[in-house]
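Q: Residue numbers (the numbering used here), protein chains in the order written: chain W, 1 to 265; chain S, 266 to 530.
Number of protein chains: 2
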Amino acid sequence: MAGVEPSKTRQVYLVLRDRIAGGRLDDQGTLPPEQALAAEYGVSRVTVRRALAELEQEGLIARRRGAGTFVLGAGGAKPIVADFSDVLANLVAMGRETAVRLLAFDYREPSAAIASTLKLNAGEKTQFSVRVRLIDGQPFSHLTTHVPQRIGVTYTEADLAARPLLSLLERSGVQIERATQEVTAVLATPDVAAALDVEVGSALLGTTRTVFAADGSGVEHLSALYRPDRYALHMEMVRTEAAGVRRWATVLAPAAGDRITKKAS
Amino acid sequence: MAGVEPSKTRQVYLVLRDRIAGGRLDDQGTLPPEQALAAEYGVSRVTVRRALAELEQEGLIARRRGAGTFVLGAGGAKPIVADFSDVLANLVAMGRETAVRLLAFDYREPSAAIASTLKLNAGEKTQFSVRVRLIDGQPFSHLTTHVPQRIGVTYTEADLAARPLLSLLERSGVQIERATQEVTAVLATPDVAAALDVEVGSALLGTTRTVFAADGSGVEHLSALYRPDRYALHMEMVRTEAAGVRRWATVLAPAAGDRITKKAS
DNA sequence: TTTAAATGTACAGTATATGATACAACTTGA
DNA sequence: TCAAGTTGTATCATATACTGTACATTTAAA
Numbered sequence: 001m002a003g004v005e006p007s008k009t010r011q012v013y014l015v016l017r018d019r020i021a022g023g024r025l026d027d028q029g030t031l032p033p034e035q036a037l038a039a040e041y042g043v044s045r046v047t048v049r050r051a052l053a054e055l056e057q058e059g060l061i062a063r064r065r066g067a068g069t070f071v072l073g074a075g076g077a078k079p080i081v082a083d084f085s086d087v088l089a090n091l092v093a094m095g096r097e098t099a100v101r102l103l104a105f106d107y108r109e110p111s112a113a114i115a116s117t118l119k120l121n122a123g124e125k126t127q128f129s130v131r132v133r134l135i136d137g138q139p140f141s142h143l144t145t146h147v148p149q150r151i152g153v154t155y156t157e158a159d160l161a162a163r164p165l166l167s168l169l170e171r172s173g174v175q176i177e178r179a180t181q182e183v184t185a186v187l188a189t190p191d192v193a194a195a196l197d198v199e200v201g202s203a204l205l206g207t208t209r210t211v212f213a214a215d216g217s218g219v220e221h222l223s224a225l226y227r228p229d230r231y232a233l234h235m236e237m238v239r240t241e242a243a244g245v246r247r248w249a250t251v252l253a254p255a256a257g258d259r260i261t262k263k264a265s
Numbered sequence: 266m267a268g269v270e271p272s273k274t275r276q277v278y279l280v281l282r283d284r285i286a287g288g289r290l291d292d293q294g295t296l297p298p299e300q301a302l303a304a305e306y307g308v309s310r311v312t313v314r315r316a317l318a319e320l321e322q323e324g325l326i327a328r329r330r331g332a333g334t335f336v337l338g339a340g341g342a343k344p345i346v347a348d349f350s351d352v353l354a355n356l357v358a359m360g361r362e363t364a365v366r367l368l369a370f371d372y373r374e375p376s377a378a379i380a381s382t383l384k385l386n387a388g389e390k391t392q393f394s395v396r397v398r399l400i401d402g403q404p405f406s407h408l409t410t411h412v413p414q415r416i417g418v419t420y421t422e423a424d425l426a427a428r429p430l431l432s433l434l435e436r437s438g439v440q441i442e443r444a445t446q447e448v449t450a451v452l453a454t455p456d457v458a459a460a461l462d463v464e465v466g467s468a469l470l471g472t473t474r475t476v477f478a479a480d481g482s483g484v485e486h487l488s489a490l491y492r493p494d495r496y497a498l499h500m501e502m503v504r505t506e507a508a509g510v511r512r513w514a515t516v517l518a519p520a521a522g523d524r525i526t527k528k529a530s
């Protein structure tokens with residue numbers, strides 16, 4: 001099975017990048033010399049240099065001829081740190097410009113898994129859409145949604161390109177009550193990689209959300225993929241104790257601009 | 266920067282394996298034909314075949330000449346679906362056997378990033394540990410922790426191998442109050458890949474948690490990496506409206522075995 | 001039975017990755 | 001100033017990866 005393993009250059013690159021990210025450096029911000037790295041990883045110096053060149057281009061390290069290779073502090077642009085309680089509201093409140101690219105909009109027969117999650121009737125179609133959301137012109141999320149057709153007909157292609165789906169659903173009169181969400185990690189497939197401007201095989205943060213109405217019927221099935229360098233989920237938690245059992249409880253994120261003030265309704 | 270990207274065979278292999286693991290298949294257990302995959306990924310059919318050969322050798326797919334390529338082990342073992350509010354308590358309550366492998370235990374100078382996150386005094390060392398947690402004998406999480414040395418000395422290597430760190434911290438008298446947590450996706454580096462028994466370059470769910478005491482001092486910095494095929498974060502949310510602003514609020518997961526009964530204290 | 005479509009096999013040419021080596025240019029400290 | 005150590009550049013040889021092509025074998029449906 002030749003060719004399935006990562007190339008040596010890539011392995012060295014990954015290891016070094018990880019060491020830098022984790023701050024696991026021998027002494028103060030200095031990487032070992034190329035010869036030492038080559039010996040440590042059992043590869044040629046040329047290979048080490050290729051990995052270092054990539055790290056340098058990404059702005060993670062600086063190399064000075066004759067002196068050495070140095071890790072640059074405070075790496076690069078930090079991701080948007082979004083509380084899951086209301087991502088979009090936060091972004092807007094932060095004054096960041098967001099835009100949406102609508103890649104698909106049609107009605108189709110959903111897969112069995114989605115049909116059962118949304119509790120659809122047999123043969124019921126869904127409104128299907130794929131959107132890419134940009135912040136300051138840069139793509140950061142890839143959203144695939146399924147909405148039961150009877151609800152999906154209440155909005156148009158133009159609506160979806162202009163407003164968040166959730167607000168369109170509430171406009172249609174649906175009583176949104178609860179949702180379940182799962183978070184995992186997946187690799188970028190070619191189509192998603194192209195839409196998000198990352199390489200195939202990059203790690204993406206994936207969330208799957210199912211939204212239910214007050215009557216228990218499924219309203220929306222959302223599969224979202226995020227670039228981890230531009231988007232991270234954030235949670236604030238407090239330690240609670242009830243009936244002798246200690247656990248964590250999440251704290252509702254303060255509205256943007258506010259500060260931890262907790263006024264009831 | 267040649268050579269830093271994964272080889273094409275590997276990209277195809279990773280993406281396909283990820284698709285299979287995530288059950289993201291077009292129709293029922295059948296993979297698209299090799300020609301279609303080659304076109305989709307922009308590689309030659311030979312390359313697709315190399316990736317498929319590896320997947321076949323790993324027992325993930327079966328190929329039948331003239332018929333097609335089929336995904337085996339329908340659905341496979343589903344991941345543990347853990348509510349972040351108390352992962353371990355849930356696992357134990359579910360009657361699953363968990364074990365810990367202690368890979369590192371020492372005291373060291375933390376990186377500047379960790380020192381500032383924990384608000385350490387200049388030169389203050391941390392108790393450093395790396396653990397791998399297993400469920401039913403299978404590794405599913407890789408935990409790297411930093412604890413200020415003054416707190417870290419209250420537990421031993423044996424303690425850490427036997428009990429959750431959080432309970433050791435609370436045993437030491439620390440008043441744990443709150444924590445912040447971020448969730449992202451990362452690629453498996455060689456060391457983590459070996460510990461979790463995955464391949465280099467696999468997608469992992471990563472969480473970084475910082476725990477604070479009542480006096481505001483940092484108590485623990487945790488970097489956790491999870492296998493997404495064995496572990497997924499789950500959240501239940503309800504739609505709330507306050508002062509005309511609609512948003513999501515998380516629901517505390519019911520204790521295992523319970524059902525949504527919400528008894529105060 | 002026929003036909004289309006799928007996987008299996010083979011081979012040769014090209015592109016890329018890796019290694020080995022040598023030397024130049026620069027920095028640091030003795 | 002000198003010497004040791006470090007990164008930068010260049011070149012050639014070899015190994016591996018990738019592609020394109022052609023054809024064989026098997027399956028499944030018309």
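We put the beta carbon where it would ideally sit given N, CA and C, even for glycine. As the structure is a prediction and not an experimental result, all values here were calculated from the model.
1) Under the three-state reduction of DSSP, which class applies to residue 175 (chain W): helix, strand or coil?
2) Give the secondary structure of residue 432 (chain S) by DSSP, where H, G and I count as helix, E and B as strand, and everything else as coil.
3) Am I right that residue 474 (chain S) and residue 507 (chain S) are in contact with their C-beta atoms under 8 Å? What's the rounded C-beta distance?
4) Are any of the Cβ atoms in chain W nearer than 9 Å to that of residue 271 (chain S)?
5) Compute the Euclidean distance between the alpha carbons of residue 309 (chain S) and residue 405 (chain S), then round it to the nearest angstrom.
6) Got a sec: is the Cβ-Cβ distance from residue 452 (chain S) to anything in chain W below 9 Å?
7) Taking a Cβ distance cut-off of 8 Å, strictly less, list which residues of the region 429-444 of chain S are near chain W, in chain order.
8) Can you pull the chain S residues whose beta carbon is under 7 Å from the beta carbon of residue 123 (chain W), in chain order?
9) Relative to the C-alpha of residue 287 (chain S), which candidate in W:247, W:251, W:239 and W:223 has its C-alpha closest?
10) Flag this pair as yes or no: are the beta carbons of residue 305 (chain S) and residue 191 (chain W) separated by less than 9 Å?
11) Using the Cα positions of residue 494 (chain S) and residue 199 (chain W), report the straight-line distance between them to the nearest angstrom.
12) Starting from residue 18 (chain W), find everything on chain S with Cβ-Cβ shorter than 7 Å and list it in chain order.
13) Compare the Cα-Cα distances from residue 145 (chain W) to each of W:42, W:246 and W:207 and report the closest residue.
14) If you reduce the DSSP assignment to three classes, tell me which class residue 100 (chain W) lands in.
15) I need the DSSP call for residue 415 (chain S), collapsed to helix, strand or coil.
16) So if DSSP puts residue 425 (chain S) in a beta bridge, which residue, or which two residues, is it bridged to?
17) Between the alpha carbons of residue 399 (chain S) and residue 512 (chain S), how many angstroms are there, rounded?
18) At 9 Å on the CB atoms, spell out the chain W contacts of residue 396 (chain S), in chain order.
19) For residue 4 (chain W), does the three-state DSSP call read helix, strand or coil?
20) Going by the DSSP bridge assignment, what does residue 182 (chain W) pair with across the sheet?
21) With DSSP collapsed to three states, give me the class of residue 198 (chain W).
22) Taking the straight line between their C-alpha atoms, what separation do you get for residue 282 (chain S) and residue 188 (chain W)?
23) From the DSSP output, in three-state form, read off residue 515 (chain S) for me.
24) Since residue 484 (chain S) is in the beta strand (DSSP E), which residue starts that stretch and which ends it?
25) Does the beta carbon of residue 313 (chain S) come closer than 9 Å to any beta carbon on chain W?
26) For residue 294 (chain S) versus residue 336 (chain S), is the C-beta distance shorter than 9 Å?
27) Which bits of chain W does residue 276 (chain S) rub up against, with CB to CB less than 7 Å?
28) In terms of alpha-carbon separation, which member of S:384, S:290 and S:381 lies closest to residue 326 (chain S)?
29) When Cβ atoms are compared, which residues of the region 96-123 of chain W fall closer than 9 Å to chain S?
30) Looking at chain S, which residues of the region 212-228 of chain W have a Cβ within less than 7 Å of any of its Cβ atoms?
31) Would you grab the beta carbon distance between residue 203 (chain W) and residue 451 (chain S) for me? Rounded to a whole angstrom, and I think it's under 8 Å.
32) Per DSSP, what kind of secondary structure is residue 51 (chain W) in: helix, strand or coil?
33) Residue 426 (chain S) touches chain W at which residues, Cβ-Cβ below 7 Å?
34) Helix or strand or just coil, what does DSSP make of residue 383 (chain S)?
35) Here's the rule: buried if 16 or more other CB atoms are within 10 angstroms of the residue's CB, otherwise exposed. What is residue 277 (chain S)?
36) Have a look at residue 169 (chain W) and residue 151 (chain W) and give me their C-alpha separation to the nearest angstrom.
A: Result, derived from the coordinates:
1) coil
2) helix
3) About 28 Å; that fails the 8 Å criterion.
4) Yes, because at least one Cβ of chain W sits closer than 9 Å to the Cβ of residue 271 (chain S).
5) 35 Å
6) yes
7) 435, 441, 442, 443 and 444
8) Ordered by position in chain S, no residue passes the 7 Å Cβ test against residue 123 (chain W), which lies about 16 Å from the chain.
9) W:223
10) A contact, by the Cβ cut-off of 9 Å.
11) 22 Å
12) 454
13) When each option's Cα is compared against that of residue 145 (chain W), the closest is W:207.
14) strand
15) helix
16) DSSP lists no partner for residue 425 (chain S).
17) 37 Å
18) From the beta-carbon of residue 396 (chain S), no residue of chain W is found nearer than 9 Å; the closest lies around 15 Å away.
19) coil
20) W:208 and S:499
21) coil
22) 12 Å
23) strand
24) 483-491
25) No, residue 313 (chain S) lies away from the interface with chain W (no Cβ there is under 9 Å from its Cβ).
26) Yes. Within cutoff.
27) 200 and 201
28) Distances from the alpha-carbon of residue 326 (chain S) to those of S:384, S:290 and S:381 put S:290 closest.
29) 111, 112 and 113
30) So the close ones are 228.
31) 5 Å
32) Under the three-state reduction of DSSP output, residue 51 (chain W) falls in the helix class.
33) Going along chain W, no residue has its Cβ under 7 Å from residue 426 (chain S), so there is no contact; the nearest lies around 22 Å.
34) coil
35) buried
36) 7 Å
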